[in-house]
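Chemist: Quick one: the structure is below, questions incoming.
In the working numbering, the protein residues as written are 228 to 387.
Written out as structure tokens, the structure is:
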């Protein structure tokens, strides 16, 4: 949300804060990718998802995952990112990262095209800034107090 307040467009999955941001700034001002919650549940329930299948079928995924052992950011330490590889590949990718990979690549291409249209990009950025007021800490604290804390407001007189 802090990035939104500075005009950044959201590139993300449709969950959590991204849903709220879209509700206030407009769904057309976000670039959404990946499975929706019901699709994730359906895939989980089917028991058919295998990150290894995605890895073996998509050379881009294989390249990215293999680069965890030999990419320039490894600093020569082939095991630096082994934990990430193991979590995704050997612990069944609980967040369906690889299931979203192709959609993510398409979203990045869409973001590039979006950015090329400077007027459209600027409009979306300004709408994000203008719509971000809802996410201020003042409103959040006020809402928490109303719904959870039920504290009496303290009025402060700066002249005293």
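Backbone N, C-alpha and C define an ideal beta-carbon position, used for all residues, glycine too.
Taking 8 Å as the threshold (C-beta atoms), are residue 237 and residue 260 in contact?
Modeler: Not closer than 8 Å, so no.
Chemist: Compare the C-alpha of residue 330 against each of 352, 285, 376 and name the closest.
Modeler: It is 285 whose Cα lies nearest to the Cα of residue 330.
Chemist: Would residue 278 be called buried (16 or more neighbouring beta carbons within 10 Å of its own) or exposed?
Modeler: With 16 or more Cβ atoms within 10 Å of its Cβ, residue 278 is classed as buried.
Chemist: Report yes if the CB atom of residue 248 is closer than 8 Å to the CB atom of residue 338, and no otherwise.
Modeler: No, these two residues do not count as a Cβ contact at 8 Å.
Chemist: Rounded to whole angstroms, what's the CA-CA distance from residue 335 to residue 291? Just pull it up for me.
Modeler: Taking the straight line from one Cα to the other gives about 15 Å.
Chemist: Verify whether the separation of the beta carbon atoms of residue 262 and residue 326 is less than 8 Å.
Modeler: In contact: residue 262 and residue 326 (Cβ atoms closer than 8 Å).
Chemist: What are the boundary residues of the beta strand (DSSP E) that residue 336 is part of?
Modeler: Taken as a continuous stretch (DSSP letters only), residue 336 belongs to no beta strand (DSSP E), being part of the alpha helix (DSSP H) at 328 to 343.
Chemist: Quick one: what's got a C-beta closer than 6 Å to residue 231's C-beta in the same chain, skipping five residues either side?
Modeler: Closer than 6 Å at Cβ, skipping near neighbours: 248, 355, 359.
Chemist: Would DSSP call residue 305 helix, strand or coil?
Modeler: Three-state DSSP puts residue 305 in coil, outside helix and strand.
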